[in-house]
Amino acid sequence: TLFLTDHGRTDPWVPAAGARRLLVSLHYPARPGSGSGPAPYMPEEEARLMLAQRGLDDPEWPGLVAATRTFSRTDARPAPGRFPLVLLSPGFGTPRATLTGLAEELASRGYVVATADHPYESTGTELPDGRVLTCAACDEVAAQPDDAGRRKVLAAVSTGRAADFSFLLDRLTGPRPAWRHARTIDARRVGMAGHSIGGNAAASTMAADRRVDAGVNMDGTFFDPVAARGLDGRPFLMLGTDPDHAPGAGDTSWDEGWARLDGFKRWLTVRDSGHFTFTDTPAIGEQLGIVDPDAPLSAARSTTITRAYVAAFFDRGLRGRPARLLDGPTPDHPEVLFQRP
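Residue numbers for the sequence shown follow my numbering, beginning at 1 and rising by one.
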């Protein structure tokens, strides 16, 4: 985990806190048998705050969530070679740990993955000194008198994250990198994916930073619209719920964004899914015995679909590999609908 400080920017949500800070988890292809032990999933206080925000206050659950078994090891030695980099951004009010499963999957397929927590934009972000920062940006959204005000703040979240990721790219691929294994990154091949507002941030980052070659939005409204000029021909995947993110449905920002995307693009929706289908939440909820009647898709199918389509997209966009999964519907994934408005 990296703890980075951008001395060129003041934190947009709590200016009194000083410079903007980021916490970043790095997953990467490792040499077999190396590392000192299983990587932790998330701090218990972060888990408690995340559950409390959803009205889940069983006192045993934070410890259970924090102890979720990962398939990563701390201090593992990198595998030889250089690998494409994928940036991951979580949903609004959601810790970065909820994208761990996707990060591990991509790392196992030969990607370096950097997942960022954006302080004051999550229910809880634990700093190295043990302090926990709560969601000041959530309070700012809640304080708005109308929907237009809320959308304006959320657009600022997305563009602010674009600045976060440009800074992170500088620190990972610049002349004095913050990560000791930065030599494993192939800076010529960079992708970004995000859930919810993090998916919007993928498009915002691509508009602001030409270094990002491909992007994925997992069920996020484009509060910051896709750039009117497009994304300079770079590929983009929209992966969302059905029917909420189908063409002509409630979120018209996807229809508008689709029309502006000017490179290889796919618009996929998933039957029986919910907003958190594309994160670790279904697997955690299933272990806790929580059933979401609005998202009956099983945790196993949620995991399989998300990992398969995101990985196929980056294999095509960053490695130039054939990705037949993106050609059209398949009997292996009958829940996935290809939208062609």
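Yeah, the Cβ is synthetic: ideal placement off N, Cα and C, and Gly gets one too.
1) Identify every run of the beta strand (DSSP E) within the segment 95-151, keeping only runs that are complete inside it and at least 3 residues long; order them along the chain.
2) Look at the alpha carbon of F229 and the alpha carbon of A30, and state the distance between them as a whole number of angstroms.
3) Would you list, in sequence order, the uninterrupted alpha helix (DSSP H) runs of no fewer than 4 residues that lie entirely inside the segment 255-323?
4) Under the rule that 16 or more other beta-carbon atoms within 10 Å means buried, what is E121, buried or exposed?
5) Quick one: using the 10 Å Cβ neighbour count with 16 as the cut-off for buried, is T7 buried or exposed?
6) Take the Cβ of L127 as the centre, count every other Cβ of all protein chains shown within 10 Å, and call the residue buried at 16 or more, exposed below.
7) Run the CB neighbour count on S298, radius 10 Å, all protein chains shown included, and call it buried at 16 or more, exposed below.
8) Let me check one thing: in DSSP terms, what residues is N217 bridge-paired to?
9) Which parts of the segment 153-209 are runs of the beta strand (DSSP E), unbroken and 3 residues or longer, counting only runs that do not cross its ends?
10) Measuring alpha carbon to alpha carbon, tell me which residue in R271, T1, F223 and R21 is nearest H118.
11) Out of curiosity, what's the CA-to-CA distance linking L26 and R189?
12) Looking at G124: is its Cβ nearer than 8 angstroms to the Cβ of E46?
13) Determine, using beta-carbon pairs with one atom in the segment 293-313 and one in the segment 327-335, whether at least three such pairs fall under 8 angstroms.
14) Does DSSP put A399 in a helix, a strand or coil?
15) Return the CA-CA distance between T330 and A312, expressed in angstroms with no decimal places.
16) Would you say V310 and V216 are within 8 angstroms of each other, going by their C-beta atoms?
17) Assuming D219 contacts F278 (C-beta within less than 8 angstroms), just tell me the rounded distance between them.
18) Would you say W13 reaches chain C, if we count a Cβ-Cβ gap shorter than 8 angstroms as a contact?
19) Measuring only the C-alpha atoms, how far is D170 from G289?
If we stick to the structure as given:
1) If we require 3 residues or more, the beta strand (DSSP E) runs fully inside the segment 95-151 come out as 112-117.
2) Stepping through the sequence shown from its first residue, residue 229 is reached at position 229. Stepping through the sequence shown from its first residue, residue 30 is reached at position 30. The identity of residue 229 in the sequence shown is Arg, whereas the question assumes Phe. Their backbone Cα atoms lie some 40 angstroms apart in a straight line.
3) As far as the segment 255-323 is concerned, its whole alpha helix (DSSP H) runs of at least 4 residues are 281-288 and 299-319.
4) Position 121 of the sequence shown holds residue 121. Classification of E121: buried, given that the 10 Å Cβ count is 16 or more.
5) For the purposes of this step, residue 7 is taken as the residue at position 7 of the sequence shown. The question names Thr, but residue 7 is His in the sequence shown. By the neighbour-count criterion, in which a residue is buried when 16 or more other Cβ atoms sit within 10 angstroms of its Cβ, H7 is exposed.
6) Position 127 of the sequence shown, counted from the start, is the residue given in the question as residue 127. The residue is exposed, with fewer than 16 neighbouring Cβ atoms inside 10 Å.
7) The count along the sequence shown starts at 1 and reaches residue 298 at position 298. By the 10 Å Cβ count, S298 comes out exposed.
8) Within the sequence shown, the letter at position 217 stands for residue 217. N217 is bridged to G194 and M238.
9) List check, beta strand (DSSP E) in window: 185-195.
10) Here residue 118 refers to the residue found at position 118 when the sequence shown is read from its first residue. It is R21.
11) Position 26 of the sequence shown holds residue 26. Position 189 of the sequence shown holds residue 189. Inter-residue distance for L26 and R189 is about 16 angstroms (C-alpha atoms, whole angstroms).
12) Mapped onto the sequence shown, residue 124 falls at position 124. Mapped onto the sequence shown, residue 46 falls at position 46. Yes; because the gap between Cβ atoms is below 8 angstroms, this pair is in contact.
13) Segments in contact, yes.
14) Outside the shown range of the chain, which is 1 to 341, sits residue 399, and nothing can be said about it.
15) For the purposes of this step, residue 330 is taken as residue 330 along the sequence shown, with counting starting at 1. For the purposes of this step, residue 312 is taken as residue 312 along the sequence shown, with counting starting at 1. Cα to Cα, T330 sits roughly 14 angstroms from A312.
16) Taking the sequence shown and counting its residues from 1, the one referred to as residue 310 is at position 310. Taking the sequence shown and counting its residues from 1, the one referred to as residue 216 is at position 216. Result yes, Cβ atoms of V310 and V216 sit closer than 8 angstroms.
17) In the sequence shown, the residue the question calls residue 219 occupies position 219. In the sequence shown, the residue the question calls residue 278 occupies position 278. About 6 angstroms; that satisfies the 8 angstroms criterion.
18) The structure shown contains no chain C, having only a single protein chain.
19) Within the sequence shown, residue 170 is the residue found at index 170, counting from 1. Within the sequence shown, residue 289 is the residue found at index 289, counting from 1. The alpha-carbon atoms of D170 and G289 are separated by roughly 42 angstroms.
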